[in-house]
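Engineer: So the sequence lines, in the order shown, correspond to chains A and B.
Using my numbering, read the first sequence as starting at 1 and increasing by one per residue.
Using my numbering, read the second sequence as starting at 1001 and increasing by one per residue.
Every residue, glycine too, gets a C-beta built ideally from N, C-alpha and C.
After the structure tokens below, expect a handful of questions from me.
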Amino acid sequence: SSFLNNIRSNYSGARASPLGGSSGAGAGAGGGGTGDSKGNAFLVPGATMATILMLGALHARRLYEDKKIEEKREKGIELEFHPDIKASFLGVLPLRSISRAWGSFMSLEIPVWMRPYAYKAWARAFHSNLEEAALPLEEYTSLQDFFVRSLKEGCRPIDPDPCCLVSPVDGTVLRFGELKGNRGMIEQVKGHSYSVPALLGNNSLLPMEPEGKNESKEEAVGDKSDKSWLRVSLASPKLRENVSASPMKGLYYCVIYLKPGDYHRIHSPADWNATVRRHFAGRLFPVNERATRTIRNLYVENERVVLEGIWKEGFMALAAVGATNIGSIELFIEPELRTNKPKKKLFPTEPPEERVYDPEGLGLRLEKGKEVAVFNMG
Amino acid sequence: STVVLIFQAPTANTPEGSSSSSDYRFCVKQGDRVRVGQALGRWKEE
């Protein structure tokens, strides 16, 4: 409407100008001024409209593509890894700095009267359940504060069965299974896998056994036509799989994706002792469904914190992988840990920063269902 | 954000390819929505 008002006022101004100008010099100056203001008046709304149209077109295209993908999924067709140019472009963006700037912006205090509107809008956009929030909306000072909100007592009952492992987060199960048949590889998406030792770190306590020991049996278990585990990227030596050993029998994995509207605190999946913490200062690629199909070694490249330890059944590791704008992972058992800090090198290759908890004892005790960490914006 | 959980769980010493009730079994499916505290998998104590 402002665009139309501008056109209307300019049009009427242009018509009024020759009538209003009585002196020759004044009329000349006025005429020239009218021409300039007309150009300026059209420039901003025109550019805005063009931008809105372009964004609308891109959004419509994306919705169309997503719909096609959804149709494929309904037909039972598994989506394959397919790198694209847009994903490559993300690699050159300063996503860590962008995320820190985003975190600072989201930490700005919102006026009290505006808070319920802001958080309700967020909840509507990202499908969050506001009824579960522990505090009244007015008490969350910023969107960051709201994003890491805790929940009301009893909202997340912990399964009491001693013979079960519970979900550490709210989210969507992307992948799960046993590592044995995959030689220490987890399929990111059909056609591309990443190495678990690369995810956890070379010093990982992951129980391994010599590769040749049960080779014939492994070949029989695996599907010979599915060679996706072979196609791991060789771009970086740190990502190569360890070919001399494979994980022991009875090692399982579960990958859970948290959407922006999900509850973002991480709880302990069992009673266990965390013995080591590793912080990998990596990239901050998005980790949504599209990114998993287009970016190689997503979880191995991204900023993450890995907790390793022992539970009653053996080894346990929990890797909290950051994403664009959510690169700040806070550990309640180690509040001084800071992730997504500014780096001096553009392409750093430094090893992960490691800390051993209680080297003389059994590590730090984590109780099933208790809060362990939180994903912060920034 | 994403969480990757890797863990050892009970497996029975049965012939390759067969499974036992004491084996760890996931009780979720790919694409399922899970919540904190919900069981991901179970096994039976022998």
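In this structure, how does DSSP classify P247 of chain A when only helix, strand and coil are distinguished?
Structural biologist: Locating residue 247 of chain A in the first sequence gives position 247, where the first residue counts as 1. If DSSP states are grouped into helix, strand and coil, P247 of chain A belongs with the strands.
Engineer: Please classify I333 of chain A: does DSSP put it in a helix, a strand, or coil?
Structural biologist: As a working note, residue 333 of chain A is residue 333 in the first sequence. I333 of chain A: coil per DSSP, three-state reduction.
Engineer: Since I266 of chain A is in the alpha helix (DSSP H), which residue starts that stretch and which ends it?
Structural biologist: Start at 1 with the first residue of the first sequence, and residue 266 of chain A comes out as number 266. That residue, I266 of chain A, is in no alpha helix (DSSP H); its beta strand (DSSP E) goes R265 to H267.
Engineer: What residues match up with M208 of chain A in a beta bridge as DSSP calls it?
Structural biologist: Stepping through the first sequence from its first residue, residue 208 of chain A is reached at position 208. According to DSSP, which records beta bridges pairwise, M208 of chain A is partnered with A:P247.
Engineer: For a quick check, are the C-beta atoms of N297 of chain A and Y194 of chain A less than 8 Å apart?
Structural biologist: To locate residue 297 of chain A, count along the first sequence from 1; it is residue 297. To locate residue 194 of chain A, count along the first sequence from 1; it is residue 194. Yes, the pair counts as a contact, with Cβ atoms nearer than the cut-off.
Engineer: Determine the burial state of G31 of chain A: buried for a count of at least 16 other Cβ atoms within 10 Å of its Cβ, exposed for fewer.
Structural biologist: Numbered from its first residue, the first sequence carries residue 31 of chain A at position 31. Because the pLDDT of G31 of chain A is 43, which lies under 50, any placement of that residue in the model is unreliable, and the question is left without a value.
Engineer: V300 of chain A: which of A:E71, A:L199 and A:P359 sits nearest, CA to CA?
Structural biologist: Residue numbering aside, residue 300 of chain A sits at position 300 when the first sequence is read from its first letter. Checked all of A:E71, A:L199 and A:P359; the closest Cα to V300 of chain A is A:L199.
Engineer: Measuring straight from C-alpha to C-alpha, what distance separates M49 of chain A and R100 of chain A?
Structural biologist: Counted from its first residue, the first sequence places residue 49 of chain A at position 49. Counted from its first residue, the first sequence places residue 100 of chain A at position 100. Cα-Cα distance, rounded: 30 Å.
Engineer: Would R183 of chain A count as contacting chain B if we go by Cβ distances under 8 Å?
Structural biologist: Indexing the first sequence from 1 puts residue 183 of chain A at position 183. With 8 Å as the cut-off, R183 of chain A does not count as an interface residue toward chain B.
Engineer: The beta strand (DSSP E) with S193 of chain A in it runs from where to where?
Structural biologist: Here the question's residue 193 of chain A lines up with position 193 in the first sequence. Looking at the DSSP string, the run of the beta strand (DSSP E) that includes S193 of chain A is H192 to S195.
Engineer: Which residues does DSSP list as the beta-bridge partners of E350 of chain A?
Structural biologist: Locating residue 350 of chain A in the first sequence gives position 350, counting from the first residue. Note: E350 of chain A sits in no beta bridge, so no partner.
Engineer: May I ask you to report which of helix, strand or coil DSSP gives W311 of chain A?
Structural biologist: Translated into positions along the first sequence, residue 311 of chain A becomes position 311. Reduced to three states, the DSSP call for W311 of chain A is strand.
Engineer: I want to verify the contact list: residues of chain B whose CB lies under 7 Å from the CB of T275 of chain A, in sequence order.
Structural biologist: Here the question's residue 275 of chain A lines up with position 275 in the first sequence. In chain order: nothing, as chain B lies at least about 14 Å away.
Engineer: Just grab the DSSP bridge partners of Y253 of chain A for me.
Structural biologist: Against the first sequence, residue 253 of chain A aligns to sequence position 253. A:G177 and B:I1006, per the DSSP bridge assignment.
Engineer: In three-state DSSP terms, what is Q1038 of chain B?
Structural biologist: In the second sequence, residue 1038 of chain B corresponds to position 38, counting from 1. Q1038 of chain B: coil per DSSP, three-state reduction.
Engineer: Return the chain-ordered list of same chain residues with a C-beta closer than 8 Å to the C-beta of P83 of chain A, the five sequence neighbours on each side being excluded.
Structural biologist: The residue you call residue 83 of chain A lines up with position 83 of the first sequence. Taken in chain order, the residues that qualify are T294, I295 and R296.
Engineer: Just checking: is the beta-carbon of K68 of chain A within a distance shorter than 8 Å of some beta-carbon in chain B?
Structural biologist: On the first sequence, residue 68 of chain A is found 68 positions in, with the first residue counted as 1. It does not; no Cβ of chain B falls within 8 Å.
Engineer: Could you tell me the boundaries of the alpha helix (DSSP H) in which R283 of chain A lies?
Structural biologist: Locating residue 283 of chain A in the first sequence gives position 283, where the first residue counts as 1. Where R283 of chain A is concerned, there is no enclosing alpha helix (DSSP H), given that its DSSP letter is neither H nor E.
Engineer: How would you write the range of the beta strand (DSSP E) that Q188 of chain A sits in, first residue to last?
Structural biologist: Taking the first residue of the first sequence as position 1, residue 188 of chain A is located at position 188. M185 to V189 is the extent of the beta strand (DSSP E) around Q188 of chain A.
Engineer: Give me, in chain order, the residues of the same chain whose beta-carbon lies closer than 6 Å to that of F280 of chain A; leave out the 5 immediate sequence neighbours on both sides.
Structural biologist: Working through the first sequence from its first residue, we reach residue 280 of chain A at position 280. Only R304 and P352 meet the Cβ criterion.
Engineer: What residues in its chain sit with their C-beta under 8 Å from that of N129 of chain A, if we drop five residues either side in the sequence?
Structural biologist: Residue numbering aside, residue 129 of chain A sits at position 129 when the first sequence is read from its first letter. Correct list, in chain order: A123.
Engineer: Quick check on DSSP: helix, strand or coil for I85 of chain A?
Structural biologist: Indexing the first sequence from 1 puts residue 85 of chain A at position 85. In this structure, I85 of chain A counts as helix in the three-state DSSP scheme.
Engineer: Rounded to whole angstroms, what is the Cα-Cα separation between K238 of chain A and V92 of chain A?
Structural biologist: Indexing the first sequence from 1 puts residue 238 of chain A at position 238. Indexing the first sequence from 1 puts residue 92 of chain A at position 92. With a pLDDT of 44 at K238 of chain A, under the threshold of 50, the modelled position of this residue cannot be trusted; read the value that follows with caution. Going by the C-alpha atoms only, they are around 20 Å apart.
Engineer: For a test of the three-state rule: what should DSSP assign to E132 of chain A, helix, strand or coil?
Structural biologist: Along the first sequence, read from residue 1 onward, the residue named residue 132 of chain A stands at position 132. Helix.
Engineer: G171 of chain A versus chain B: which residues are under 9 Å apart at the beta carbon?
Structural biologist: Within the first sequence, residue 171 of chain A is the residue found at index 171, counting from 1. The contacting residues are S1001, T1002, V1003, R1033, V1034 and R1035.
Engineer: State yes or no: is the C-beta of S167 of chain A within less than 8 Å of the C-beta of V1034 of chain B?
Structural biologist: By 1-based counting over the first sequence, the position of residue 167 of chain A is 167. By 1-based counting over the second sequence, the position of residue 1034 of chain B is 34. The answer is yes: Cβ separation under 8 Å.
Engineer: Take P207 of chain A and list the residues in its own chain whose beta-carbon comes closer than 8 Å to its own, dropping the five residues that flank it on each side.
Structural biologist: Residue numbering aside, residue 207 of chain A sits at position 207 when the first sequence is read from its first letter. Taken in chain order, the residues that qualify are P247, M248, L251, G314 and F315.
Engineer: Going straight from the alpha carbon of E241 of chain A to that of H59 of chain A, what length do you get?
Structural biologist: Taking the first residue of the first sequence as position 1, residue 241 of chain A is located at position 241. Taking the first residue of the first sequence as position 1, residue 59 of chain A is located at position 59. Its pLDDT being 45, under 50, E241 of chain A is placed unreliably in this model, and the coordinates cannot settle the point.
Engineer: Return the chain-ordered list of same chain residues with a C-beta closer than 7 Å to the C-beta of E367 of chain A, the five sequence neighbours on each side being excluded.
Structural biologist: Reading the first sequence from its first residue, position 367 is the one you call residue 367 of chain A. If we look at E367 of chain A and ignore the five residues flanking it on each side, its Cβ neighbours are S268 and D271.
Engineer: Enumerate in chain order the residues of its own chain whose CB-to-CB distance from G327 of chain A is below 6 Å, with the five nearest sequence positions on each side excluded.
Structural biologist: For the purposes of this step, residue 327 of chain A is identified with residue 327 of the first sequence, where counting begins at 1. Here the set comprises S99, L284, E303 and N340.
Engineer: To which residues of the same chain is P136 of chain A closer than 6 Å at the C-beta, ignoring the five residues directly before and after it?
Structural biologist: Counting from one through the first sequence, the residue named residue 136 of chain A turns up at place 136. Excluding sequence neighbours, P136 of chain A sits near nothing in its chain.
Engineer: Helix, strand or coil, according to DSSP, for N104 of chain A in the structure here?
Structural biologist: Residue numbering aside, residue 104 of chain A sits at position 104 when the first sequence is read from its first letter. Reading the sequence as shown, one finds Ser at residue 104 of chain A and not Asn. Correct three-state label for S104 of chain A: helix.
Engineer: Can a CB atom of chain B be found closer than 8 Å to the CB of Y252 of chain A?
Structural biologist: Here residue 252 of chain A corresponds to residue number 252 of the first sequence, with the count starting at 1. Answer yes: the Cβ-Cβ gap between Y252 of chain A and chain B drops below 8 Å somewhere.
Engineer: Three-state secondary structure (DSSP) at S97 of chain A?
Structural biologist: As a position in the first sequence, residue 97 of chain A is number 97, starting the count at 1. It is helical.
Engineer: Would the C-beta of A1039 of chain B count as close to the ligand HEM, meaning under 7 Å from any of its heavy atoms?
Structural biologist: No copy of the ligand HEM appears in this structure; indeed no ligand is present at all.
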